[in-house]
Amino acid sequence: AKMKELFQNQKVIRIFRLLRPWLTFLIIFLILRYSGALSSISGFTSSALMKTGAMDIDPDDSKTTDEKFDYNFTVKDLDGNTVDFNKFKGKTVFLNLWATWCGPCVAEMPSIESLYGKVDKSKVVFVILNWFEDSKKVSKFISNKKFTFPVYLVNGDVPSQLNVPSIPTTFVIYPNGTINTKKTGTANYDTDKFKQFLEELK
Numbered sequence: 001a002k003m004k005e006l007f008q009n010q011k012v013i014r015i016f017r018l019l020r021p022w023l024t025f026l027i028i029f030l031i032l033r034y035s036g037a038l039s040s041i042s043g044f045t046s047s048a049l050m051k052t053g054a055m056d057i058d059p060d061d062s063k064t065t066d067e068k069f070d071y072n073f074t075v076k077d078l079d080g081n082t083v084d085f086n087k088f089k090g091k092t093v094f095l096n097l098w099a100t101w102c103g104p105c106v107a108e109m110p111s112i113e114s115l116y117g118k119v120d121k122s123k124v125v126f127v128i129l130n131w132f133e134d135s136k137k138v139s140k141f142i143s144n145k146k147f148t149f150p151v152y153l154v155n156g157d158v159p160s161q162l163n164v165p166s167i168p169t170t171f172v173i174y175p176n177g178t179i180n181t182k183k184t185g186t187a188n189y190d191t192d193k194f195k196q197f198l199e200e201l202k
């Protein structure tokens with residue numbers, strides 16, 4: 001009986017030794033995730049990659065589709081005003097889904113801000129749509145970062161087209177209402193080629 005018990009104990013020890021690296025990794029991951037540090041790390045990695053030019057958006061990869069965007073929903077601005085999305089019809093819409101806790105989202109935002117400062121706003125509308133966060137938290141974040149692009153909050157239900165599996169996700173919508181681009185993941189949007197692409201969509 002003692003030999004059997006000893007054997008079982010040794011077996012448990014062996015299993016623990018095999019699992020220990022994975023358990024350590026899991027514990028570290030959970031600490032980083034819930035302390036907010038994971039967002040910073042992933043954001044830093046994305047920022048470093050963007051500086052290489054490897055993440056520049058390429059308009060030539062965009063595919064014109066027949067899928068019509070569903071404008072029939074509302075969002076809220078940071079002052080709490082309800083905005084009917086139908087008001088953006090007739091212009092090119094740059095629609096970006098993001099959150100403050102999303103490192104890759106935060107990493108691409110300076111490029112969006114820079115693009116916003118250069119683009120012809122009579123032709124292109126920016127909708128930087130925060131994904132289900134408190135308005136005070138979002139307002140503080142935007143203020144601290146000194147971003148000037150228009151930020152909106154989800155206001156109730158959104159079209160199924162926006163129920164994306166991950167963020168950041170960016171849509172470019174033609175003035176005629178068809179979806180031109182759907183980009184998932186971090187990208188650098190601040191390029192002359194992409195600015196020209198947005199301004200020339202019809």
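Note that the working numbering numbers the sequence shown so that position 48 is 48, with each residue one more than the last.
Ideal Cβ placement from N, Cα and C applies to all residues, glycine included.
All values reported here derive from a predicted model rather than from experimental measurement.
Helix, strand or coil: which one does DSSP assign to G185?
The count along the sequence shown starts at 1 and reaches residue 185 at position 185. Three-state DSSP puts G185 in coil, outside helix and strand.
Beta carbon of S111, beta carbon of D190: below 8 Å?
For the purposes of this step, residue 111 is identified with residue 111 of the sequence shown, where counting begins at 1. For the purposes of this step, residue 190 is identified with residue 190 of the sequence shown, where counting begins at 1. Taking 8 Å as the Cβ cut-off, S111 and D190 qualify as a contacting pair.
Note down the Cα distance separating Y152 from T181, rounded to an integer number of angstroms.
The residue labelled residue 152 in the question sits at position 152 within the sequence shown. The residue labelled residue 181 in the question sits at position 181 within the sequence shown. Answer to the nearest angstrom: the Cα atoms are 20 Å apart.
Contact check, G80 vs S135, beta carbons under 8 Å
Taking the sequence shown and counting its residues from 1, the one referred to as residue 80 is at position 80. Taking the sequence shown and counting its residues from 1, the one referred to as residue 135 is at position 135. Result yes, Cβ atoms of G80 and S135 sit closer than 8 Å.
Does DSSP put K136 in a helix, a strand or coil?
As a working note, residue 136 is residue 136 in the sequence shown. Note: K136 maps to helix in three-state DSSP.
Quick check on DSSP: helix, strand or coil for V151?
Counting from one through the sequence shown, the residue named residue 151 turns up at place 151. Three-state result, V151: strand.
Beta-carbon separation of I173 and V119 under 8 Å?
As a first step, residue 173 must be located in the sequence shown, where it is residue number 173. As a first step, residue 119 must be located in the sequence shown, where it is residue number 119. It is not a contact, given that the beta carbons lie outside the stated cut-off.
What residue range does the alpha helix (DSSP H) around K195 cover?
Position 195 of the sequence shown, counted from the start, is the residue given in the question as residue 195. Note, K195: alpha helix (DSSP H), D192 to E200.
Assign G156 to buried or exposed, taking buried as 16 or more other Cβ atoms, counted over all protein chains shown, within 10 Å of its Cβ.
Stepping through the sequence shown from its first residue, residue 156 is reached at position 156. Exposed: under 16 other Cβ atoms inside 10 Å.
Relative to the alpha-carbon of I179, which residue among I57, T170 and P150 has its alpha-carbon at the smallest distance?
As a position in the sequence shown, residue 179 is number 179, starting the count at 1. Checked all of I57, T170 and P150; the closest Cα to I179 is T170.
Rounded to a whole number of angstroms, what is the C-alpha to C-alpha distance between F149 and Y116?
As a first step, residue 149 must be located in the sequence shown, where it is residue number 149. As a first step, residue 116 must be located in the sequence shown, where it is residue number 116. Taking the CA atoms as reference points, F149 sits about 6 Å from Y116.
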